[in-house]
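Participant: Chains as they are written, first to last, in our numbering: chain A, 5 to 253; chain B, 3 to 137.
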């Protein structure tokens, strides 16, 4: 596929017109440097202004434009049209999420879950401001940096069949962010997060399908975060039982 | 969590098809990994039967060995071997994601972890084969 035109099949959901989602087909111009989001923008600007979708930065950092492209969760701003050999290219809303309109999904569930793991630095006791910052060595930063790159695009949720089967599952990005703060040397909030992490719908729901890691556009590797979280939770529990004095650190 | 509060707008909640695990190649690979665990369980049962025969004396033990040599059982064992190799392979790959090994200030690369696991596996297999053939 180089310069020319390409067929795009776009998922539509307009509850005031039809109770069920359906597809609309569009014929759009394409070139080697066009991404799927450009094609959607072309449709909105020149063919059908009623098409609804989210986007913002166009450079893979805002995490708004995640959609299913040919059945795979992708950031449409980073997905080039030239990748696809067969037509039409099928664009649908992120799977496993309720659809509000066309390609726009309801993020409420994700945002509520994110809040439950308290993804911020928790201190038992704050030190006075005049004592300065909480310093970290480069090694301490390295421990959690990878997991801090999450842009909340929800592609990992959409790749996770466990979340698809059980909407109560805490989900990859949320656990990865909880793990990120647990690994932070400045943080003292592990105990506050464990209540959400180590229950049935938390880390133990994960069956390590691993697709969250494959689709992650920022190489966060949520699957690794979840498994390491399992290992550290299990080790702590075991140590508390086996070790003298409850294995306190 | 999804259905707790009434929504201010209508939404369409898609149904997940029952055969979701057959729909994409990665999901099929995951299903294969999980399914091959059944063969690991079957092998464990055979091993327990073997130990039980061993504990019952010479006749039971030799009877069990004859059963193992039946063509159907050899065929089953071959299938179990292939399934276990696949299953073990997938877990070697996944372990590299789970276990971070630090040497000094750097993490050991994933490829090296997988290679080390494979190396240990081969060494142990060779030792077992040696013991089996020579003793």
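Glycine residues also receive a C-beta, built at the ideal position from the N, C-alpha and C atoms.
#1: Below 8 Å on the Cβ atoms is my guess for residue 229 of chain A versus residue 151 of chain A; work out the distance and round it to an integer in Å.
#2: Using DSSP with H/G/I as helix, E/B as strand and the rest coil, what is residue 5 of chain A?
#3: Can we say the region 173 to 181 of chain A touches the region 113 to 124 of chain A, given the rule of at least three CB pairs closer than 8 Å?
#4: Using three-state DSSP, classify residue 104 of chain A as helix, strand or coil.
#5: Shorter than 8 Å from the beta carbon of residue 115 of chain B to some beta carbon of chain A?
#6: Specify, as a first and last residue, the run of the alpha helix (DSSP H) that residue 114 of chain A falls within.
#7: Do you know offhand how far residue 135 of chain A's Cα is from residue 190 of chain A's?
#8: Check whether the Cβ atoms of residue 164 of chain A and residue 216 of chain A sit closer than 8 Å, and answer yes or no.
#9: Check distances from the C-beta atoms of the region 196 to 215 of chain A to those of chain B and list, in chain order, the residues that come in under 8 Å.
#10: Are any of the Cβ atoms in chain A nearer than 8 Å to that of residue 105 of chain B?
#11: Any contact of the region 66 to 75 of chain A with the region 19 to 26 of chain A, i.e. 3+ C-beta pairs under 8 Å?
#12: State buried or exposed for residue 58 of chain B, treating a residue as buried only when at least 16 other CB atoms are found within 10 Å of its CB.
#13: Express the C-alpha separation of residue 39 of chain A and residue 9 of chain A in angstroms, rounding to a whole number.
#14: How is the alpha helix (DSSP H) around residue 86 of chain B delimited, first residue to last?
#15: Please compile the residues from chain A whose C-beta is within a distance smaller than 9 Å of the C-beta of residue 96 of chain B.
#16: So with CB distances below 9 Å, who are the chain A contacts of residue 38 of chain B?
#17: Can you list, in chain order, the residues of the region 63 to 79 of chain B whose Cβ is nearer than 8 Å to any Cβ on chain A?
#18: Hey, could you find the ends of the alpha helix (DSSP H) residue 49 of chain B is sitting in?
#19: Check whether the Cβ atoms of residue 12 of chain A and residue 30 of chain A sit closer than 8 Å, and answer yes or no.
#20: In terms of DSSP beta bridges, what is residue 72 of chain A paired with?
#21: Which chain A residues are close to residue 15 of chain B, counting only those with a beta carbon under 7 Å from its beta carbon?
#22: Count Cβ pairs between the region 78 to 97 of chain A and the region 239 to 247 of chain A that sit closer than 8 Å; are there 3 or more?
#23: On a Cα-Cα basis, can you pick out the residue from A:66, A:96, A:79 and A:33 that is closest to residue 55 of chain A?
#24: When the Cβ atoms of the region 130 to 144 of chain A are set against those of the region 201 to 212 of chain A, are three or more pairs found closer than 8 Å?
#25: For the beta strand (DSSP E) that residue 134 of chain B lies in, which residues bound it at each end?
#26: Give the residues from the region 155 to 166 of chain A that approach chain B closer than 7 Å (Cβ to any Cβ), ordered along the chain.
#27: Taking only beta-carbon atoms, is residue 218 of chain A less than 8 Å away from chain D?
#28: Is it buried or exposed for residue 56 of chain B, if we count other Cβ within 10 angstroms and need 16 for buried?
#29: Mapping the DSSP letters down to three states, classify residue 139 of chain A as helix, strand or coil.
#30: From A:238, A:231 and A:169, pick the residue whose C-alpha is nearest to that of residue 23 of chain B; which is it?
#31: Quick one: what's residue 109 of chain B bridged to in DSSP?
#32: Going by DSSP in three states, residue 57 of chain A sits in which element: helix, strand or coil?
#33: Determine whether the Cβ of residue 99 of chain B lies closer than 8 Å to any Cβ atom of chain A.
#34: According to a CB-to-CB cut-off of less than 9 Å, which residues of the region 87 to 113 of chain A neighbour chain B?
Facilitator: Here's the rundown:
#1: The pair is a contact, with the Cβ atoms about 5 Å apart (cut-off 8 Å).
#2: Low confidence applies here, because residue 5 of chain A scores a pLDDT of 49, under 50, leaving its location unreliable and the question unanswered by this model.
#3: When Cβ pairs closer than 8 Å are counted between the two stretches, the region 173 to 181 of chain A is seen to touch the region 113 to 124 of chain A, the count reaching three or more.
#4: If DSSP states are grouped into helix, strand and coil, residue 104 of chain A belongs with the strands.
#5: So, not an interface residue.
#6: Per DSSP, residue 114 of chain A belongs to the alpha helix (DSSP H) from 112 to 120.
#7: Taken atom to atom, the span from the alpha-carbon of residue 135 of chain A to that of residue 190 of chain A is near 14 Å.
#8: Cβ distance < 8 Å, so residue 164 of chain A and residue 216 of chain A count as in contact.
#9: Of all residues in the region 196 to 215 of chain A, those with a C-beta nearer than 8 Å to a C-beta of chain B are 211, 212, 213, 214 and 215, reading in chain order.
#10: Not closer than 8 Å to any Cβ of chain A, the Cβ of residue 105 of chain B fails to qualify, so no.
#11: No, the region 66 to 75 of chain A does not touch the region 19 to 26 of chain A.
#12: So residue 58 of chain B ends up on the exposed side.
#13: Cα to Cα, residue 9 of chain A sits roughly 13 Å from residue 39 of chain A.
#14: Segment 73 to 100, the alpha helix (DSSP H) holding residue 86 of chain B.
#15: For residue 96 of chain B, the residues of chain A that pass the 9 Å Cβ criterion are 212, 214, 227 and 231, in the order they occur in the chain.
#16: The contacting residues do not exist; residue 38 of chain B stays about 14 Å from chain A at best.
#17: When CB distances to chain A are screened at a threshold of 8 Å, not a single residue of the region 63 to 79 of chain B falls below it.
#18: Note, residue 49 of chain B: alpha helix (DSSP H), 27 to 57.
#19: Yes. Within cutoff.
#20: By DSSP's assignment, residue 72 of chain A forms a beta bridge with A:77 and A:96.
#21: Those within 7 Å of residue 15 of chain B in chain A are 102.
#22: Taking 8 Å as the limit for Cβ pairs, the verdict is that the region 239 to 247 of chain A does not touch the region 78 to 97 of chain A.
#23: Cα-wise, what sits closest to residue 55 of chain A is A:96.
#24: Touching, no, given that fewer than three Cβ pairs across the two stretches are closer than 8 Å.
#25: Premise fails: residue 134 of chain B lies in the alpha helix (DSSP H), 112 to 136, not in any beta strand (DSSP E).
#26: Against chain B - using a Cβ distance shorter than 7 Å - the residues of the region 155 to 166 of chain A are 165.
#27: You won't find chain D in this structure, because its protein chains are A and B.
#28: The residue is exposed, with fewer than 16 neighbouring Cβ atoms inside 10 Å.
#29: Residue state, collapsed to three classes: coil.
#30: Taking the Cα of residue 23 of chain B as reference, the smallest distance to any Cα among A:238, A:231 and A:169 is reached at A:169.
#31: BP columns for residue 109 of chain B point to B:104.
#32: In the structure shown, residue 57 of chain A sits in coil (DSSP, three-state: anything other than H, G, I, E or B).
#33: So, interface residue.
#34: Going along the region 87 to 113 of chain A in chain order, one finds 97, 99, 100, 101, 102, 103, 104, 105, 109, 110, 112 and 113 with a Cβ nearer than 9 Å to chain B.
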